[in-house]
Amino acid sequence: MELLKDTLLGGTPYLHERAVRARLEELPPEVREALEDLRSGEDLPDPVHLVAGHYQAEPGDEELYLVLRGEGGVLGRWDAERDEEAAEVWRWVMAVKG
(Lines of atoms letter the chains of each structure in order from A and count residues from 1; the text may use other names and numbers.)
(Lines give C-alpha, C1' and ligand atoms only; values in the text may rest on other atoms or scores of the structure.)
Protein backbone atom coordinates (compact mmCIF):
# COMPACT_ATOMS: atom_id res chain seq x y z
CA MET A 1 0.00 0.00 0.00
CA GLU A 2 1.30 3.42 -0.88
CA LEU A 3 0.25 6.87 0.29
CA LEU A 4 0.36 8.87 -2.93
CA LYS A 5 -0.29 12.31 -1.50
CA ASP A 6 -1.55 14.10 1.56
CA THR A 7 -2.55 17.72 0.96
CA LEU A 8 -3.72 20.26 3.50
CA LEU A 9 -4.35 23.80 2.33
CA GLY A 10 -5.49 26.62 4.59
CA GLY A 11 -7.79 29.54 3.96
CA THR A 12 -10.83 29.52 1.72
CA PRO A 13 -11.47 27.16 0.13
CA TYR A 14 -10.25 24.65 2.68
CA LEU A 15 -9.07 21.35 1.22
CA HIS A 16 -7.73 18.24 2.92
CA GLU A 17 -7.14 15.40 0.49
CA ARG A 18 -5.41 12.04 0.76
CA ALA A 19 -4.66 9.60 -2.05
CA VAL A 20 -3.77 5.93 -1.62
CA ARG A 21 -2.83 3.17 -4.03
CA ALA A 22 -3.32 -0.40 -2.79
CA ARG A 23 -3.53 -3.90 -4.22
CA LEU A 24 -6.93 -5.49 -3.71
CA GLU A 25 -5.48 -8.09 -1.33
CA GLU A 26 -4.14 -5.26 0.89
CA LEU A 27 -7.61 -3.82 1.50
CA PRO A 28 -9.50 -4.75 4.66
CA PRO A 29 -12.45 -7.02 3.74
CA GLU A 30 -15.06 -4.41 4.73
CA VAL A 31 -13.38 -1.76 2.54
CA ARG A 32 -13.21 -4.08 -0.46
CA GLU A 33 -16.88 -5.03 0.01
CA ALA A 34 -17.88 -1.37 0.22
CA LEU A 35 -15.98 -0.62 -3.00
CA GLU A 36 -17.64 -3.56 -4.75
CA ASP A 37 -21.05 -2.26 -3.63
CA LEU A 38 -20.19 1.23 -4.90
CA ARG A 39 -19.19 -0.20 -8.28
CA SER A 40 -22.48 -2.16 -8.51
CA GLY A 41 -20.88 -5.39 -9.63
CA GLU A 42 -18.33 -3.89 -12.03
CA ASP A 43 -14.77 -5.16 -11.66
CA LEU A 44 -12.40 -3.22 -9.45
CA PRO A 45 -9.05 -2.21 -10.90
CA ASP A 46 -6.01 -3.76 -9.26
CA PRO A 47 -4.36 -1.79 -7.79
CA VAL A 48 -7.05 0.65 -6.70
CA HIS A 49 -6.29 4.38 -6.60
CA LEU A 50 -8.47 6.08 -4.01
CA VAL A 51 -8.75 9.78 -3.20
CA ALA A 52 -10.60 10.89 -0.08
CA GLY A 53 -11.17 14.57 0.48
CA HIS A 54 -12.80 17.18 2.65
CA TYR A 55 -13.67 20.43 0.91
CA GLN A 56 -15.13 23.59 2.44
CA ALA A 57 -15.89 26.45 0.06
CA GLU A 58 -17.18 28.60 2.92
CA PRO A 59 -18.13 28.01 6.56
CA GLY A 60 -21.04 25.60 6.79
CA ASP A 61 -20.69 24.45 3.17
CA GLU A 62 -18.64 21.25 3.46
CA GLU A 63 -18.27 18.17 1.28
CA LEU A 64 -16.66 14.80 1.98
CA TYR A 65 -15.93 12.92 -1.22
CA LEU A 66 -14.40 9.68 -2.41
CA VAL A 67 -12.94 9.16 -5.89
CA LEU A 68 -11.88 5.86 -7.49
CA ARG A 69 -9.37 6.28 -10.31
CA GLY A 70 -8.27 3.75 -12.90
CA GLU A 71 -5.85 3.70 -15.82
CA GLY A 72 -8.26 5.69 -17.99
CA GLY A 73 -9.24 8.29 -15.39
CA VAL A 74 -12.05 8.58 -12.85
CA LEU A 75 -14.16 5.44 -12.44
CA GLY A 76 -16.47 6.85 -9.79
CA ARG A 77 -17.09 9.73 -7.40
CA TRP A 78 -19.30 9.50 -4.33
CA ASP A 79 -20.57 11.77 -1.58
CA ALA A 80 -19.05 10.31 1.59
CA GLU A 81 -21.50 12.21 3.80
CA ARG A 82 -24.58 10.62 2.25
CA ASP A 83 -23.38 7.21 1.03
CA GLU A 84 -22.60 4.68 3.77
CA GLU A 85 -20.25 2.57 1.62
CA ALA A 86 -18.34 5.65 0.45
CA ALA A 87 -18.03 6.80 4.07
CA GLU A 88 -16.54 3.42 5.05
CA VAL A 89 -13.85 3.66 2.36
CA TRP A 90 -13.31 7.40 3.06
CA ARG A 91 -12.56 6.72 6.74
CA TRP A 92 -10.09 3.95 5.82
CA VAL A 93 -8.22 6.15 3.31
CA MET A 94 -7.99 9.03 5.79
CA ALA A 95 -6.61 6.65 8.45
CA VAL A 96 -3.81 5.21 6.26
CA LYS A 97 -0.43 6.06 7.74
CA GLY A 98 2.21 7.22 5.29
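Numbering (this note's numbering) for the sequence shown: 20 to 117.
Ideal Cβ positions, reconstructed from N, Cα and C, are used throughout, including at glycine.
query                                                                                                                                                                                    : result
Buried or exposed for V93, going by 16 or more other Cβ atoms inside 10 Å?                                                                                                               : exposed
Helix or strand or just coil, what does DSSP make of A99?                                                                                                                                : coil
What's the call for R37, buried or exposed, on a 16-neighbour Cβ count within 10 Å?                                                                                                      : buried
Which of the three DSSP states is assigned to V115 in this structure?                                                                                                                    : coil
Beta-carbon separation of P32 and A99 under 7 Å?                                                                                                                                         : no
In angstroms with no decimal places, state the Cα-to-Cα distance between V39 and L69.                                                                                                    : 5 Å
Identify, in the order they occur along the chain, each residue of the same chain with its Cβ nearer than 7 Å to the Cβ of L63, setting aside the five sequence neighbours on each side. : L43, L54 and E55
Since E45 and M20 are thought to touch, with beta carbons under 8 Å apart, how far apart are those beta carbons, to the nearest angstrom?                                                : 5 Å
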